[in-house]
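If you read the protein sequences in the order shown, they are chains A and B. Numbering follows the numbering used here, with no gaps: position 106 of the first sequence is 106. Numbering follows the numbering used here, with no gaps: position 204 of the second sequence is 204.
Number of protein chains: 2
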Amino acid sequence: MEVTIAIDCMGGDFGPSVTLPAVVHFLQHDKQARVIMVGLPEKVEPAFAKVRSRFGERLAFQAASEVVGMDDPIATALRVKKDSSMRVAIDLVKEGRAQAAVSAGNTGALMAISRFVLKTLPGIDRPAIATVLPTLRGYTYVLDLGANVDCEPQHLLQFAIMADLLVSAVEHKDRPTVGLLNIGEEDIKGNEVVKQAGELLKESGLHFVGNVEGDDIYKGTTDIVVCDGFVGNVLLKTSEGLARMLGTFLREEFSRNPFRKIAALVALPALNAFKGRVDPRRYNGASLLGLRGIVVKSHGSADQMAFTKAIERAAEEARNRLVERISERMARSTPEVVQ
Amino acid sequence: MEVTIAIDCMGGDFGPSVTLPAVVHFLQHDKQARVIMVGLPEKVEPAFAKVRSRFGERLAFQAASEVVGMDDPIATALRVKKDSSMRVAIDLVKEGRAQAAVSAGNTGALMAISRFVLKTLPGIDRPAIATVLPTLRGYTYVLDLGANVDCEPQHLLQFAIMADLLVSAVEHKDRPTVGLLNIGEEDIKGNEVVKQAGELLKESGLHFVGNVEGDDIYKGTTDIVVCDGFVGNVLLKTSEGLARMLGTFLREEFSRNPFRKIAALVALPALNAFKGRVDPRRYNGASLLGLRGIVVKSHGSADQMAFTKAIERAAEEARNRLVERISERMARSTPEVVQ
């Protein structure tokens, strides 16, 4: 199925040196996809000119005159840099010229611009950011990851509904299970917002299995774990920090002396297989949900493989009509559920 | 320095089969320590009778007629089981017969009984639970871990003050650094409670370095990381879950086929060294802070080595007069700080 993705080629730690090869790789493997590369002409056009003939009209270029910096305040990104590559990519979605936008730029700016340009869907108070994490059993989608720090119970319910539709659409899983992140399995535990969210989820018609705890995420107890953006951001970054520390310790122990270095060579196939299984690049691409358009945020430090995954995720969401699914579901919702 | 520790020998997943050998090990290595073993006579006295002669009056036994179950509601533990081993151990601290209590039982019950029997120190609104985690640079103390789910800014400040005194006392570190767990380094980020807590911490006289993020915990950016109990509980359990998943994947990859199994033998010294560095048993023992007595909570699944660590932590806190330090510090605090 044909789909057009607008790529902010300037975002992320590495900019065009990562995003351009990723676009080429993506177009080579997805023959029905089109890409509009967005960026500063002097940085992107030369590369575009080189590969243009290979992809014909499947590849287009759209100029932008500015770039949102990783440290730019949101207000600058939103109100001053109105011709940034990030903004132009999202404008293309708004205008219907692309079905999805991908950026590795500043998350706060991306969410603010997406919200301002695309607007939220009816029935959605706040868009959320969802990502997928590897687990003992497969994958778990976790949201929100930082867009919403002070949540009301109905926001957590809306996150769960959006994630339900995301997982159904992208993983082709019927009625995915939903867990509410809490500090104990009993209904009486947790803070007030979470307790009330639990009540709403029970009435929601979703496949809600109740409270889950932090360790349930990596056990893979449920397909979806819902939490507020503060908690989600902390758990994601804590996980990144722990994984990095364990990786460092493992490398240190395998290079402590010549015997260990030889052991590392012997162990290389196992160590590489392990590394591959937990490679965060494989799960790159967080979905901004609840907007009138598809926007995928790539990790800022993504390399070519990781950025390609984010583009693929955007294409998958667009082809599976994620926005329409969320829109239709919210239109069907009873007033109590949507608030 | 002499110190007497009351041990709830019945708590945890394994009860006396773990706690009794841990007591023996502890007394063998700490010649100035005394222990009062608390438990059901039929379960504890036979073992006590066997080792009594080795430790003379350094080892005593105190009978209890009940045990708090891991699933007992807090109300039952507090109001019904008034002669539980957990309760009797804490009563011994209250009566001054022991300087600290250690239990591997139900955390909620332990906190509720400790609070009821010992009371909180003046100036402390809520006791907190602190644990130590391994980092790239050494150790970081994190609190609160679940005692307080809906915190006010002044509670986070009190947690920071108590942790400052804990780290000074136990790690002998002068003016340990304090980080406030947030979702960005900028002052403007985070939820309202955290923003206000940041203001209080700036004025506190503590060595406050500002906001830290989830990945800073395992980087070891600060000696102390302060957060509310909901977030702390989630990040601790998420870490446990992730570490377990990574351990499982590593084992699976090293046993996937005969070649990998041979590689595992060659890699064993490195793998064991790695395992030892991140062995959670080495960090077992969470401190209940802010009470008029020292209480240490062992992980429920602790084995003998882990439980011994928890007893050692209790002895260390008692010898370094942790309760007196917190009490003196709160008495000195200006009314604005204590609120």
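We treat Cβ as the ideally placed atom computed from N, Cα and C, and that holds for glycine. As the structure is a prediction and not an experimental result, all values here were calculated from the model.
With at least 16 other beta carbons inside 10 angstroms of its own, E316/A counts as buried.
Around the beta-carbon of M162/B, 16 or more other beta-carbon atoms lie within 10 Å, marking it buried. D8/B sits close to M86/B, with the two beta carbons spaced by under 8 Å. By the neighbour-count criterion, in which 16 or more other beta carbons inside 10 Å mark a residue as buried, N148/B falls on the buried side. For Q304/A, no beta strand (DSSP E) run applies; the uninterrupted alpha helix (DSSP H) run containing it begins and ends at Q304 to R319, by DSSP. Using a Cβ-Cβ cut-off of 7 Å, N106/B is close to nothing in chain A; its nearest Cβ partner there is about 11 Å away.
The DSSP assignment places complete alpha helix (DSSP H) segments of no fewer than 4 residues inside the region 256-309 of chain A at 258-277, in order along the chain.
For L92/B, the enclosing alpha helix (DSSP H) covers residues S85 to K94.
Annotation for V266/B: no residue places its beta carbon closer than 7 Å to its own, counting only its chain and skipping 5 residues before and after. Taking a 10 Å sphere around the C-beta of A22/B, we find 16 or more other C-beta atoms and assign the residue as buried. Residue ranges of uninterrupted alpha helix (DSSP H) with 4 or more members, entirely inside the region 152-219 of chain B and ordered along the chain, are 153-171, 192-202 and 214-219. Residues are counted here when their Cβ sits less than 8 Å from a Cβ of chain A; for the region 228-248 of chain B these are G229, F230, V231, N233, V234, L235, L236, K237, T238, S239, E240, G241, L242, A243, R244, M245, L246 and T248, given in chain order. Note on geometry: alpha-carbon atoms of I217/B and H172/A lie some 36 Å from one another. Distance from the CA of S298/A to the CA of F14/A, rounded to the nearest whole angstrom, comes to 12 Å. If only uninterrupted beta strand (DSSP E) runs of at least 3 residues are considered, those enclosed by the region 14-51 of chain A are 33-39.
Counting along the chain, the unbroken alpha helix (DSSP H) around T107/A starts and ends at T107 to L118.
Residue contact check for T135/B against chain A: a CB pair falls below 8 Å.
By the neighbour-count criterion, in which 16 or more other beta carbons inside 10 Å mark a residue as buried, H155/A falls on the buried side. Nearest CB-CB separation between I217/B and chain A: below the 8 Å threshold. Taking 8 Å as the CB threshold, E317/A stays off the interface with chain B.
Among the residues of chain B, those whose CB is under 8 Å from the CB of N191/A are V149, D150 and F230, following chain order. With distances taken between CA atoms, D215/A lies nearest to L236/A out of L236/A, L166/A and Q196/A. The contact set of P269/A on chain B, defined by CB atoms closer than 8 Å, consists of F259, R260 and A263 in chain order. Ranked by Cα distance from N182/B, the first of L40/B, A197/B, R79/B and P176/B is A197/B. C-alpha of N191/A to C-alpha of D150/B: approximately 6 Å in a straight line.
Distance from the Cα of D174/B is smallest, within the candidate group D223/B, A270/B and G232/B, for D223/B. Between L291/B and L143/B a beta carbon distance of about 14 Å is seen, past the 8 Å cut, so the two are scored as non-contacting. Taking 4 residues as the shortest admissible run, the region 223-254 of chain A contains the following complete alpha helix (DSSP H) segments, listed from N- to C-terminal end: 229-253. Looking at the DSSP output, P134/A sits in a beta bridge with Y139/A.
With a cutoff of 8 Å on beta-carbon distance, M305/B and R281/B are scored as near each other.
According to DSSP, A60/B shares a beta bridge with I36/B. Contact between N284/B and A302/B holds: CB atoms are separated by about 5 Å, below the 8 Å threshold. At least 8 Å separates the CB of L78/B from every CB of chain A.
Taking 8 Å as the CB threshold, R321/B stays off the interface with chain A. Distance from the Cα of A33/A is smallest, within the candidate group L20/A, F55/A and P41/A, for F55/A. Between A109/A and A77/A, the CB-CB gap stays under 8 Å.
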